[in-house]
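A short worksheet on the structure shown next.
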Amino acid sequence: MKPSVKRNMPHRYSLRLAFATALIATISGQVAMTANKGASASLSYPAVARGSVVDVYHGKSVADPYRWLEQPELPPTRGFVTAQNALAKPWLESLPQRNWIQNRLTELWNFERIGLPRKKGGKYFFVRNDGRQNQSVLYAADSLYGTPRVLFDPNVVSRDATVALARYEPSPDGSLIAYSLSDGGTDWEIWRFRRTSDSVDLPDELRFTKFWELSWEPGGSGVYYSRYPRRADDTSRGDDQGQPVVYFHRLGEAQDRDTEIYRVQNHSHRTPTASVSDDGRWLFVSMFDGYRTNGIDLIDLRDPRAPPVTIFGAYDARYSIIGSEGDTLYVVTTNNAPQSRIIAVDARDPSPQQWRELVPQDTFALDEASFVGGCIIVRYVRDAIGVARVFDRDGRVLSDVPLPGLGTLAGFVGNATDTETFFTYSDYLRPAQVLRLDLSNLTTSVWSKPAFGADTSRYVTRQVFYTSKDGTRVPMFVTHQRDLVKNGQTPTLLYGYGGFNVSLTPTFRPTVITWLEMGGIYVEANLRGGGEYGEPWHEAGTKTRKQNVFDDFIAAAEYLIREGYTNPRRLAISGRSNGGLLVGATLLQRPDLFAATLPGVGVLDMLRYHTASANARQWSSDYGLSEDPKEFEALLAYSPVHNVTSGTCYPPTLITTADRDDRVVPWHSYKFAAALQHGQGCVSPILLRVETRAGHGAGKPMWMQIEDFADQWAFVAEMLGVKTP
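The sequence shown runs 663 to 1387 under our numbering.
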């Protein structure tokens, strides 16, 4: 049964009135302190109009008084943002801890960072940042240890360094590089093509793309890519409410002449993305349809007139083709394997009866795999720690990959004929180093190891396990000074995510080192909804079971208090994106437990998140949809925007977002901030900081990241009573 979603009759008039009221209040600089809501005596929150929008879901009326904030380009919303920043920014900049934090972040961020090298046509391509650059620079070298030359430097493109290199893809012979740019933090990308011999751009330009890689035609004549339709009201912009189509772009031709290769039939929400096999024979078209299942069709490039053949079409599991040899496809799947397994599939007869299992599921979760140089390299997550193992093409174990410690792995990319591959290792106390794996003898060597400008030997990371509300055993990493005395008084920052099958494994961040130097404890909890224990762990934190994630986070805080690390007056929580939802829901459910909260770029209106874009609707595989009666009840029960109780004393909260975030659109944070400020029942501050010319986080220049974290860490330090060194 389709839900009835209605608005009350006066809505159109009252919404127009709300626009006018908000515009007058914010633009004229008027502010209001509502005594009956107990607003902060030291902060006068901007007056924010409350409309009378009421939606009816499955017979239940739900008010949405800040619906007008969903329209970011209208003057009232812009006025709201201006007024909120005018309140938050001076307040944050006046905090006594902020200058030290900003200066220390600037010092600690100044270390060389090098990305994974990729080999094409005998050349090596990688990104590098010398430690002082706002954006990383793309380099090429003619040999592994040859002198690199700059191919593209985004730092010279814009004055404020907000144009970023989003991704790049060398041509098969290495003579060309396709690279994409993101302007001001948007997920929309513009692809360009450059000769690697002289760093001169070709005239080609591809627009209306986001998220998805492109793939070169074997001879380098062009690329396959996914393109969104143009907006009907502005044909210069892409429409992310529409469904992408796979095109082929031939170099030297206008984008309007690109050839349509694949269009999804009879399903409006599936997104097709294409990749060419290493031998150039196959075009794999994967249909993204949420985070639990997908389908894959196959196009034989030897006969482009042949129709696509469905290889996986049941949408009963996840499937990822990691490589091929002739008709044999190597596939990672969750089919009959919640922890994932690897199978060999015959492209001529892909029926399940003909599948060969090469690497069965293990007791720990398979994170990613690749087929390089005739070897299957598998990255696992074992109790939230990265490990790697090498198998031959028939699934026989060849070797475990030796690692420097217990941390995070990434990489192992390449093609079927490579003799080497590269990977990175990092943990909370060591920056990412790049290692080379020689596939001829399976030995590793360090290719790049950065020097970091601080002594991290004073700190230690320990893994602990605690019990959640329903008895589930949950792992957690606690990083602190080696000589820590557990007296319950140490300022502690607890971070979490808990969604979309993402595993939180130990990762290096200068921001964490800064917090440790301030005498704090840094904690990451591996909540359900993540991928730390495979698909069952993921599913246990989704849809009608999403409350498990919040229970896990609350139990983590209670463990830290019970074990003498900290107390509620010295405990803060932080999370971004889906983690922003985590923090928003948790601070409402247990306001007594925290001294400060940092919900960043969060998904906070759970009844309407899917209306923002076609991409946002894909999150329904984790969240569910308000159109479904049972899922609606679960969403309404924890949706932060809808669960603020007026008169409750909520902990000090700094909500952060960016005006150009087109992944988790900023109106989530706008509506939540307005609701919290309206409902706050004590003097604890509720602030909204909106970054301009920034997006969800990717591509944010170094100076902007430092400003952002200086504000957040200073806010937490002030609320927890932390003095800077």
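Backbone N, C-alpha and C fix where the C-beta goes; we use that ideal spot for every residue, glycine too.
Using DSSP's beta-bridge definition, name the partner residues of residue i.
i, result
"residue 848", "In the DSSP output, where bridge partners are listed per residue, residue 848 has none listed."
"residue 1080", "None, per the DSSP bridge assignment."
"residue 974", "958"
"residue 877", "886"
"residue 1061", "1052"
"residue 923", "The partner list for residue 923 (beta bridge, DSSP) is empty, contrary to what the question assumes."
"residue 1142", "1122"
"residue 985", "992"
"residue 1262", "1238 and 1318"
"residue 1089", "1092"
"residue 1073", "1085"
"residue 949", "934 and 957"
"residue 1019", "1005"
"residue 840", "831 and 855"
Nearest by alpha-carbon distance to residue i: which of the options is it?
i, options, result
"residue 848", "1322, 1383, 1332 and 1376", "1322"
"residue 1109", "776, 714 and 933", "776"
"residue 1193", "1047, 1055 and 1060", "1047"
"residue 1280", "920, 931, 759 and 1310", "931"
"residue 768", "1044, 796, 968 and 744", "796"
"residue 952", "1354, 1282, 1340 and 1314", "1282"
"residue 746", "764, 781 and 710", "710"
"residue 784", "832, 814 and 719", "832"
"residue 1273", "1243, 1325, 1240 and 1227", "1325"
"residue 836", "1293, 813, 819 and 1104", "813"
"residue 913", "897, 1025, 947 and 887", "887"
"residue 1226", "1140, 1310, 1178 and 1160", "1140"
"residue 716", "1304, 1386 and 1308", "1304"
"residue 989", "966, 1001, 838 and 961", "961"
"residue 1417", "977, 1275 and 1056", "The chain is shown only over 663 to 1387; residue 1417 falls outside these bounds and no answer can be derived."
"residue 1019", "917, 1151 and 1003", "1003"
"residue 850", "856, 875 and 1104", "875"
"residue 739", "1329, 1370 and 1387", "1329"
"residue 1011", "995, 971 and 903", "971"
"residue 1091", "727, 1066 and 959", "1066"
"residue 1040", "1254, 995 and 1015", "995"
"residue 1346", "1006, 1254, 920 and 713", "1254"
Spatial neighbours of residue i within its chain, please: CB distance less than 7 Å, with the 5 preceding and 5 following residues excluded, ordered by chain position.
i, result
"residue 987", "1078"
"residue 1187", "1136, 1138, 1156, 1158, 1214, 1215 and 1218"
"residue 1162", "953, 1240 and 1284"
"residue 1131", "1213 and 1217"
"residue 607", "The structure shown does not extend to residue 607, since the chain is modelled only from 663 through 1387, so no value can be given for it."
Suppose the cutoff is 6 Å on Cβ atoms and the five residues either side in sequence are ignored; what does the same chain contact list for residue i look like?
i, result
"residue 1080", "1034 and 1035"
"residue 933", "906 and 950"
"residue 1402", "Shown here, the chain extends from 663 to 1387; a query on residue 1402 therefore has no answer."
"residue 1341", "1306 and 1308"
"residue 1271", "1265 and 1278"
"residue 763", "1372, 1375 and 1376"
"residue 1378", "1234 and 1258"
Would you mind reading off the limits of the beta strand (DSSP E) that contains residue i?
i, result
"residue 911", "907-912"
"residue 814", "811-814"
"residue 998", "Premise fails: residue 998 is in no beta strand (DSSP E) and is neither H nor E."
"residue 829", "825-832"
"residue 758", "No beta strand (DSSP E) holds residue 758; DSSP gives it neither H nor E."
"residue 1041", "1037-1044"
"residue 786", "785-791"
"residue 865", "863-872"
What residue range is occupied by the uninterrupted alpha helix (DSSP H) comprising residue i?
i, result
"residue 1200", "1196-1201"
"residue 748", "737-755"
"residue 1330", "1329-1341"
"residue 1294", "1291-1300"
"residue 915", "Per DSSP, residue 915 belongs to no alpha helix (DSSP H) and is neither H nor E."
Would residue i and residue j qualify as a contact pair, given that the criterion is a beta-carbon distance under 8 Å?
i, j, result
"residue 901", "residue 892", "yes"
"residue 1089", "residue 1070", "yes"
"residue 1085", "residue 719", "no"
"residue 1179", "residue 759", "no"
"residue 1032", "residue 984", "yes"
"residue 963", "residue 1001", "no"
"residue 1075", "residue 1351", "no"
"residue 1238", "residue 1160", "no"
"residue 800", "residue 818", "no"
"residue 828", "residue 805", "no"
Short of 8 Å in beta carbon distance, which residues of its chain neighbour residue i, apart from the five on each side in sequence? Order them along the chain.
i, result
"residue 699", "At residue 699, the pLDDT of 29 sits below 50, so the modelled position is not reliable; the number obtained from the coordinates is stated separately. For residue 699, where only same-chain residues beyond five positions count, the Cβ hits under 8 Å are 1308, 1309, 1340, 1341, 1342 and 1343."
Are the C-beta of residue i and some C-beta of chain C separated by less than 8 Å?
i, result
"residue 1122", "Absence of chain C from the displayed structure is noted, only one protein chain being present."
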